[in-house]
Amino acid sequence: MKNLALLSLLCFSQLVSAQKYYDDAQVRGHFNIETKLNKRFTVHLDQQYRITNNVSDFSRGSADIGITFKINKHIKLLADYVYIQKQKNSGIWNQRNWYYGAVVLKKDIGYWRIVGRAMLQARNGDVNSDKANLTRLYNRNKVSVRYEINKLLTGFVAEEIYIPLNSPQAKGIDRSRTFAGILINTFKNQQLEFYFMYQVWTQKNNWWDQSDRYPDPFLRRDFIYGIGYGIEF
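Positions in the sequence shown are counted from 1; adding 2 to them yields the working numbering.
Here's what the structure looks like:
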């Protein structure tokens, strides 16, 4: 039995070590504005910019506008539209329209806060292309844990998984994201965020654009350094 277990472990380690990855260092910037309409409804706008290919190319910009409905102090609902401009391998910029809805659960325990999010995301292809009306569905689940260090600083870790729902290729989890970061209260209702994200693809899914800008035989691993700033009115 010991020999069988050792052989299984050896085979698994060889399989993992044999997997080829394309590694990329990236920088992301976010700017978020949020305002309350009333006790239940909040609207928000989040702008994001990405520098990829080992921090050498500005390859994507997006604007995310949405509304939040607060059911109670533990549950809220989100509905968002995302407009994206993304640079292709050819250097041409294309536009995309994405949509998502989500349920967010929150629980505070002393200085700790646990947040769970279940999201259904619909991604359309490039505008004015044969894939413009091809909708790719993803289930994106995320769990975050925050700890309030003091009145100024809050640390956090998080894990997110992507599950394609209508891909003919990938079944189950095809991507995961692991976060660690810190939130800094700067002024009243304003917050600065620094984080590191490790993003890895677990299987090929060329039905989407996983190989875009990357050699096709490889899976991707992204090492992402992010900074964000948020303002609430």
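C-beta: ideal position from N, C-alpha, C; glycine also.
| task | With a floor of 3 residues, list each beta strand (DSSP E) that falls wholly inside the segment 30–75, ordered by position along the chain. | result | Counting only runs of 3 or more, we get 43–54 and 59–72.
| query | How many whole angstroms separate the CB atoms of Asn68 and Leu80, which I take to be in contact at a CB cut-off of 8 Å? | reply | Reading the sequence as shown, one finds Gly at residue 68 and not Asn. Taking a contact as a CB-CB distance under 8 Å, the pair Gly68 and Leu80 counts as one, their CB atoms being some 6 Å apart.
| Where Ala182 and Ile226 are concerned, what is the direct C-alpha to C-alpha distance, given to the nearest angstrom? | Each residue's Cα considered, the two are about 11 Å apart.
| What span of residues does the beta strand (DSSP E) with Val202 cover, start to end? | Where Val202 is concerned, the enclosing beta strand (DSSP E) stretches over Gln192 to Trp203.
| Bounding residues of the beta strand (DSSP E) (the contiguous stretch that carries Gly230) | Leu221 to Glu234 is the span of the beta strand (DSSP E), which, as asked, contains Gly230.
| task | Pick out whichever of Tyr164, Glu150 and Glu195 has its Cα sitting closest to the Cα of Trp203. | result | Nearest C-alpha to Trp203: Tyr164.
| Below-9 Å beta-carbon distance, Glu234 vs any chain D residue | Of the chains in the structure shown, none is chain D; there is only one protein chain.
| said: DSSP three-state label for Thr188, please. | reply: Thr188 carries a coil assignment under DSSP once its states are collapsed to helix, strand and coil.
| said: Which residue wins for smallest C-alpha separation from Gly157, given the options Glu195, Lys206, Tyr231 and Thr70? | reply: Ranking the options by Cα distance to Gly157, first place goes to Glu195.
| So Tyr149 and Tyr113 are in contact, right, with Cβ under 8 Å, and what is the actual spacing, rounded? | That belief holds up - the Cβ atoms of Tyr149 and Tyr113 are roughly 6 Å apart, short of 8 Å.
| request: Rank Asn135, Lys144 and Lys88 by C-alpha distance to the C-alpha of Val117 and give the top, closest one. | output: Ranked by Cα distance from Val117, the first of Asn135, Lys144 and Lys88 is Lys144.
| query | In whole angstroms, what is the alpha-carbon distance linking Asn55 and Lys41? | reply | Roughly 43 Å separates the two Cα atoms.
| task | Tell me, to the nearest whole angstrom, how far the beta carbon of Arg138 is from that of Glu162; I am working on the premise that it is less than 8 Å. | result | Between the beta-carbon of Arg138 and that of Glu162 there is about 17 Å, and that puts the pair past the 8 Å contact cut.
| said: If you reduce the DSSP assignment to three classes, tell me which class Ser213 lands in. | reply: At Ser213 the pLDDT is 47, less than 50, meaning the model places this residue with poor confidence; the figure from the coordinates comes in the next sentence. In this structure, Ser213 counts as coil in the three-state DSSP scheme.
| query | Between Val29 and the rest of its own chain, which residues show a CB-CB distance below 7 Å, the 5 nearest in sequence each way excluded? | reply | Excluding sequence neighbours, Val29 sits near Ile53, Val57 and Tyr227.
| Assuming Glu36 and Gly230 make a contact with CB atoms under 8 Å, what is their CB distance in whole Å? | Rounded, the Cβ-Cβ distance is 12 Å, inconsistent with contact.
| Could you give the distance in angstroms between the alpha-carbon of Ser213 and the alpha-carbon of Ile94? | Bear in mind that the predicted position of Ser213 carries a pLDDT of just 47, short of 50, making it unreliable; the figure below should be weighed with that in mind. For Ser213 and Ile94, the distance between alpha carbons rounds to 17 Å.
| Other residues of its chain near Ala27: CB distance less than 6 Å, five sequence neighbours each side excluded | Excluding residues within five positions, the ones whose Cβ falls inside 6 Å are Asn56, Val57 and Phe225.
| message | Cutting at 6 Å between CB atoms, please list the residues of its own chain near Gln89, excluding the five before and the five after it. | response | Exclusion of the five residues before and after Gln89 leaves Ser61 and Trp95 as the residues of its chain whose Cβ lies within less than 6 Å of its Cβ.
| query | Can the beta-carbon of Phe43 be found less than 9 Å from the beta-carbon of Phe71? | reply | Contact flag set, yes.
| query | Using the C-alpha atoms, what's the distance from Leu136 back to Asn91? | reply | Cα to Cα, the separation comes out at about 21 Å.
| query | What three-state label does DSSP hand Ala160 in the structure shown? | reply | In the three-state DSSP reduction, Ala160 falls in the strand class (E or B).
| message | Checking the sheet assignment: what are the DSSP bridge partners for Pro166? | response | Beta-bridge pairing links Pro166 to Tyr140.
| Anyone know if the C-beta pair for Lys140 and Pro166 falls short of 9 Å? | Reading off the sequence shown, one finds Tyr at residue 140, where the question assumed Lys. Their beta carbons are under 9 Å apart, which means Tyr140 touches Pro166 by this criterion.
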